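Novice: Numbering-wise, the sequence shown is residues 42 to 525 according to the numbering used here. Every residue, glycine too, gets a C-beta built ideally from N, C-alpha and C. Remember, predicted model here, so these are calculated numbers, not experimental data. The structure is given below, and queries will be raised subsequently.
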Amino acid sequence: MDTPKSSTSSTATTTRRFEMLCIMMLTFGQLCIMTGYDSQSFILESVIHSIHEKEPDRISPYAGYYGQAVCYLAYVTACFFSPSFLYATGAKSTLLISSICFTSFPLGFLFTNSYYYYFSSALNGIGFAFYYTGNGGYITSHSTRKTIESNVSLSWSLGCCCMIVGSIIMAIITTVTQTPEILETAANIIIGGHGIERRFGDSEIYLLFSVFAAISSLAIFTFMLLPSQDVSNCIESSDKQVSFKDGMKLMADTLVSSKMFKLAPTFLLTGIHTSFWLSVFPTTLTFNMHNSKLIYLPAVYGFGIGVGETIMGCIISTLSKRIKDFGLKPTMLIGCVLTTVFCTVALLSTPYNATTTPSHEDPLLFQPSRITVFLVAVIGGMSDCCLCSVRSVICALAMPKRRAQAFSVSKIYQSLGSCVIFFISSFLNLYHYVLVIPILCFFACIFFFRQAGQTQVMERKLTQELEESEKRRIAKELEAMQQA
42 MDTPKSSTSS TATTTRRFEM LCIMMLTFGQ LCIMTGYDSQ SFILESVIHS
92 IHEKEPDRIS PYAGYYGQAV CYLAYVTACF FSPSFLYATG AKSTLLISSI
142 CFTSFPLGFL FTNSYYYYFS SALNGIGFAF YYTGNGGYIT SHSTRKTIES
192 NVSLSWSLGC CCMIVGSIIM AIITTVTQTP EILETAANII IGGHGIERRF
242 GDSEIYLLFS VFAAISSLAI FTFMLLPSQD VSNCIESSDK QVSFKDGMKL
292 MADTLVSSKM FKLAPTFLLT GIHTSFWLSV FPTTLTFNMH NSKLIYLPAV
342 YGFGIGVGET IMGCIISTLS KRIKDFGLKP TMLIGCVLTT VFCTVALLST
392 PYNATTTPSH EDPLLFQPSR ITVFLVAVIG GMSDCCLCSV RSVICALAMP
442 KRRAQAFSVS KIYQSLGSCV IFFISSFLNL YHYVLVIPIL CFFACIFFFR
492 QAGQTQVMER KLTQELEESE KRRIAKELEA MQQA
């Protein structure tokens with residue numbers, strides 16, 4: 042017969058196993074939808090440029106950047122009502138709809154058309170808003186205060202294995218679909234005394250985006266099978282009796298909250314840095330004429346990003362269990378340092394004008410190779426994991442009564458930063474990015490540290506109040522027993 046202690050221990054173990062099952066299924070769904078999105082973002086502008094070179098009237102040469110700008114604009118708009126939608130339908134339904142939106146985008150490259158391209162980009166943005174709102178809602182209803190930091194970093198890092206999966210897919214398809222044109226590029230044929238940029242053939246484009254669409258569709262079935270039951274002692278229940286109108290009022294209040302204003306630099310940094318490492322920098326690898334024979338660089342870069350995300354996620358998850366609040370200030374500081382290092386290496390190894398056009402210019406210090414691209418990608422992945430982890434953790438802790446709204450407001454700022462960058466990307470060169478991002482890191486750290494400190498004080502007060510309340514309850518029970 043179990044003693045109360047062993048029974049409690051068994052219940053805790055069972056709860057933790059169920060919690061991990063839910064987090065792993067959520068993570069697998071993220072891996073599926075992000076395998077397509079993140080991997081295609083590495084090559085999107087280059088693929089669009091290749092299509093434009095063959096058929097100039099079919100699509101704009103800058104549609105890769107403009108399409109992502111439309112995506113993030115839709116993302117900003119959808120973030121305003123996605124928490125209310127979450128309240129009305131639940132996290133599981135919100136995640137399911139997001140996976141359908143994500144799957145619609147790669148299908149458009151089987152019959153590239155400007156109208157569908159921008160329409161599916163907007164759907165992708167809506168899918169983003171719904172996914173991250175649903176993700177935040179699902180994690181908080183399937184995590185306790187003791188496990189939230191570990192679950193967030195674990196989910197993010199394992200979900201970012203999508204980079205590794207995507208890079209392997211790109212490498213295999215590039216090998217299978219090599220045409221004489223690509224082989225000539227790989228051999229760095231001299232045209233007018235210069236190499237030509239890496240170009241994508243029709244068969245390579247069709248195969249890449251067909252596989253991305255198929256993998257994204259797996260998320261639809263995964264989210265359909267997600268358990269709906271909350272874990273015991275979760276930090277926020279999924280049973281919310283809030284109308285759509287009241288949800289919008291909560292969203293408006295959160296948007297103008299002083300806490301969100303203090304965290305705005307952190308959210309903007311995450312959005313601008315994501316635009317840089319996810320799309321702008323990998324585009325420079327393709328547009329750098331000196332890399333024309335290195336046709337596997339996008340795959341190498343994606344693999345490195347995935348490795349960096351996974352390593353840092355495991356580090357944060359492990360240390361969060363041993364060091365109290367490691368997922369806040371320490372992780373933010375590490376993320377800002379790594380982001381600055383990433384920008385510095387990019388500056389030294391990349392032609393300044395390769396962000397928007399094929400370039401013959403020499404970098405400031407050295408030409409990228411497979412090894413250096415892999416290493417800088419690992420740094421980029423580690424920095425992104427840090428920034429995304431602290432964003433999720435601070436949103437869950439800073440506004441305990443409005444977590445869904447806090448997640449959405451963070452995404453509004455993040456997507457707004459990305460949206461502006463992509464809309465003006467055709468006017469920016471490398472120097473703009475590597476100057477603005479480190480400066481933003483400095484200010485983001487200052488404001489984040491202030492808010493994190495205030496959040497820790499608030500948590501200590503709440504803990505003390507709960508302990509005193511528990512002591513009073515026990516005292517009353519003892520008094521009642523003595524009277525009886």
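Can you say whether Y474 is buried or exposed, counting buried as having 16 or more other CB atoms within 10 angstroms of its CB?
Specialist: The count along the sequence shown starts at 1 and reaches residue 474 at position 433. Counting Cβ neighbours within 10 Å, Y474 comes out buried, since at least 16 surround it.
Novice: If you draw a straight line from the alpha carbon of I89 to that of I100, how long is it in whole angstroms?
Specialist: Counting from 1 along the sequence shown, the entry for residue 89 is found at position 48. Counting from 1 along the sequence shown, the entry for residue 100 is found at position 59. So the two alpha carbons sit approximately 7 Å from each other.
Novice: Three-state secondary structure (DSSP) at T226?
Specialist: On the sequence shown, residue 226 is found 185 positions in, with the first residue counted as 1. Because the pLDDT at T226 is just 48, under 50, the model does not fix this residue reliably, and the value given afterwards should be weighed accordingly. Three-state result, T226: helix.
Novice: One question on the structure: do C201 and C63 come within less than 8 Å of each other, judged by their Cβ atoms?
Specialist: As a first step, residue 201 must be located in the sequence shown, where it is residue number 160. As a first step, residue 63 must be located in the sequence shown, where it is residue number 22. Contact flag unset, no.
Novice: Considering only the alpha carbon of each residue, which of L471, L266 and I357 lies closest to F383?
Specialist: Residue 383 sits at position 342 when you count from the first residue of the sequence shown. Among L471, L266 and I357, the Cα nearest to that of F383 belongs to L471.
Novice: Among residues of its own chain, excluding the 5 on either side of H21, which ones have a beta-carbon nearer than 6 Å to its beta-carbon?
Specialist: For residue 21 there is no data in the structure shown, the boundaries of the chain being 42 and 525.
Novice: Helix or strand or just coil, what does DSSP make of S400?
Specialist: Looking up residue 400 in the sequence shown gives position 359. Strand, per DSSP.
Novice: Would you kindly report the start and end of the unbroken alpha helix (DSSP H) that includes G343?
Specialist: As a working note, residue 343 is residue 302 in the sequence shown. Start and end: L338 to R363.
Novice: Terminal residues of the continuous alpha helix (DSSP H) containing F169?
Specialist: Walking along the sequence shown from the start, residue 169 turns up at place 128. From DSSP, the alpha helix (DSSP H) with F169 extends over S155 to T181.
Novice: Within the continuous alpha helix (DSSP H) that includes E245, where are the two ends?
Specialist: As a working mapping, residue 245 is identified with position 204 in the sequence shown. Its alpha helix (DSSP H) spans residues D243 to M265.
Novice: Determine the direct distance from the alpha carbon of Y106 to that of P441, and round the result to whole angstroms.
Specialist: Taking the first residue of the sequence shown as 1, we reach residue 441 at position 400. Taking the first residue of the sequence shown as 1, we reach residue 106 at position 65. Roughly 36 Å between the two C-alpha positions.
Novice: Do the stretch 291 to 301 and the stretch 356 to 369 make contact, defined as three or more Cβ pairs closer than 8 Å?
Specialist: Taking 8 Å as the limit for Cβ pairs, the verdict is that the stretch 356 to 369 does not touch the stretch 291 to 301.
Novice: Is it right to say A521 is buried, meaning 16 or more other beta carbons lie within 10 angstroms of its own, or is it exposed?
Specialist: Walking along the sequence shown from the start, residue 521 turns up at place 480. Classification for A521: exposed.
Novice: Just to confirm the assignment, what range does the alpha helix (DSSP H) spanning Y103 have?
Specialist: Working through the sequence shown from its first residue, we reach residue 103 at position 62. Segment: none, Y103 is in no alpha helix (DSSP H) and carries neither H nor E.
Novice: Alpha carbon to alpha carbon, how far is L199 from G207?
Specialist: Stepping through the sequence shown from its first residue, residue 199 is reached at position 158. Stepping through the sequence shown from its first residue, residue 207 is reached at position 166. For L199 and G207, the distance between alpha carbons rounds to 14 Å.
Novice: So who's on the other strand from N329, going by DSSP bridges?
Specialist: Here residue 329 corresponds to residue number 288 of the sequence shown, with the count starting at 1. The partner list for N329 (beta bridge, DSSP) reads S400.
Novice: Is the Cβ-Cβ distance between F143 and Y247 less than 8 Å?
Specialist: Translated into positions along the sequence shown, residue 143 becomes position 102. Translated into positions along the sequence shown, residue 247 becomes position 206. No. Outside cutoff.
Novice: When you compare each of S358, V321 and L67 to L266 by their alpha carbons, which one comes out closest?
Specialist: Position 225 of the sequence shown, counted from the start, is the residue given in the question as residue 266. The candidate whose alpha carbon is nearest that of L266 is L67.
Novice: How far does the alpha helix (DSSP H) with G312 in it extend, from its first residue to its last?
Specialist: For the purposes of this step, residue 312 is taken as residue 271 along the sequence shown, with counting starting at 1. Counting along the chain, the alpha helix (DSSP H) containing G312 begins and ends at S299 to S316.
Novice: Can you tell me which of the three DSSP states G368 falls into?
Specialist: Here residue 368 refers to the residue found at position 327 when the sequence shown is read from its first residue. If DSSP states are grouped into helix, strand and coil, G368 belongs with coil.
Novice: Compute the distance between the beta-carbons of L428 and T496, then report whether it is under 8 Å.
Specialist: Numbered from its first residue, the sequence shown carries residue 428 at position 387. Numbered from its first residue, the sequence shown carries residue 496 at position 455. Taking 8 Å as the Cβ cut-off, L428 and T496 do not qualify as a contacting pair.
Novice: Among K95, S145 and T325, whose alpha-carbon lies nearest the alpha-carbon of F250?
Specialist: Your numbering for residue 250 matches position 209 in the sequence shown. Answer by Cα proximity: S145.
Novice: When you compare the CB positions of T215 and Y337, do they come within less than 8 Å of one another, or not?
Specialist: As a working note, residue 215 is residue 174 in the sequence shown. As a working note, residue 337 is residue 296 in the sequence shown. In this structure, Y337 lies closer than 8 Å to T215 by Cβ.
Novice: If we call anything under 8 Å between Cβ atoms a contact, is G149 one with S139?
Specialist: On the sequence shown, position 108 is the one that residue 149 refers to. On the sequence shown, position 98 is the one that residue 139 refers to. No.
Novice: Which whole-angstrom value is the C-beta distance of T324 and S80, which I expect to be below 8 Å?
Specialist: Mapped onto the sequence shown, residue 324 falls at position 283. Mapped onto the sequence shown, residue 80 falls at position 39. Under the criterion of beta carbons closer than 8 Å, T324 and S80 do not qualify as touching, at roughly 14 Å.
Novice: How many Å lie between I180 and Y173 at the Cα?
Specialist: For the purposes of this step, residue 180 is taken as residue 139 along the sequence shown, with counting starting at 1. For the purposes of this step, residue 173 is taken as residue 132 along the sequence shown, with counting starting at 1. Spanning the alpha carbons of I180 and Y173 requires a straight line of approximately 10 Å.
Novice: On the premise that A110 lies in contact with G175, defined as a C-beta separation below 8 Å, what is that separation, rounded to the nearest angstrom?
Specialist: For the purposes of this step, residue 175 is taken as residue 134 along the sequence shown, with counting starting at 1. For the purposes of this step, residue 110 is taken as residue 69 along the sequence shown, with counting starting at 1. Not quite, the Cβ-Cβ distance comes to about 24 Å (not below 8 Å), so this is no contact.
Novice: Can you confirm whether I89, when its beta carbon is compared against all beta carbons of chain B, has any partner nearer than 8 Å?
Specialist: No chain B appears in this structure, which consists of one protein chain only.
Novice: Helix or strand or just coil, what does DSSP make of Y113?
Specialist: For the purposes of this step, residue 113 is taken as the residue at position 72 of the sequence shown. Correct three-state label for Y113: helix.
Novice: Considering only their Cβ atoms, is the gap separating M292 from P97 smaller than 8 Å?
Specialist: Working through the sequence shown from its first residue, we reach residue 97 at position 56. Working through the sequence shown from its first residue, we reach residue 292 at position 251. For the 8 Å CB-CB criterion, P97 and M292 do not form a contact.
Novice: Can the beta-carbon of M499 be found less than 8 Å from the beta-carbon of A340?
Specialist: Position 458 of the sequence shown, counted from the start, is the residue given in the question as residue 499. Position 299 of the sequence shown, counted from the start, is the residue given in the question as residue 340. No, the pair does not count as a contact, with Cβ atoms beyond the cut-off.
Novice: On the criterion of 16 or more Cβ atoms from any shown chain inside 10 Å, does K517 qualify as buried, or is it exposed?
Specialist: For this step, residue 517 is matched to residue 476 along the sequence shown. Around the beta carbon of K517, a 10 Å sphere encloses fewer than 16 other beta carbons of the protein chains shown; the residue is thus reported as exposed.
Novice: Could you pull out every residue in the same chain whose Cβ sits closer than 7 Å to the Cβ of A445, ignoring the five residues on either side in sequence?
Specialist: The residue given as residue 445 occupies position 404 in the sequence shown. Closer than 7 Å at the Cβ level, and outside the excluded window around A445, lie P124, L127, T174, G177 and G178.
Novice: Could you say which of S410, P479, S451 and N329 lies nearest to L374 if we only look at CA atoms?
Specialist: As a first step, residue 374 must be located in the sequence shown, where it is residue number 333. It is P479.
Novice: Provide the residue span of the alpha helix (DSSP H) that contains A437, from first to last.
Specialist: Position 396 of the sequence shown, counted from the first residue, corresponds to residue 437. Unbroken alpha helix (DSSP H) run through A437: R411 to A439.
Novice: So for N192, helix, strand or coil by DSSP?
Specialist: As a first step, residue 192 is located in the sequence shown; it is residue number 151 there, counting from the start. Here N192 sits in helix by DSSP.
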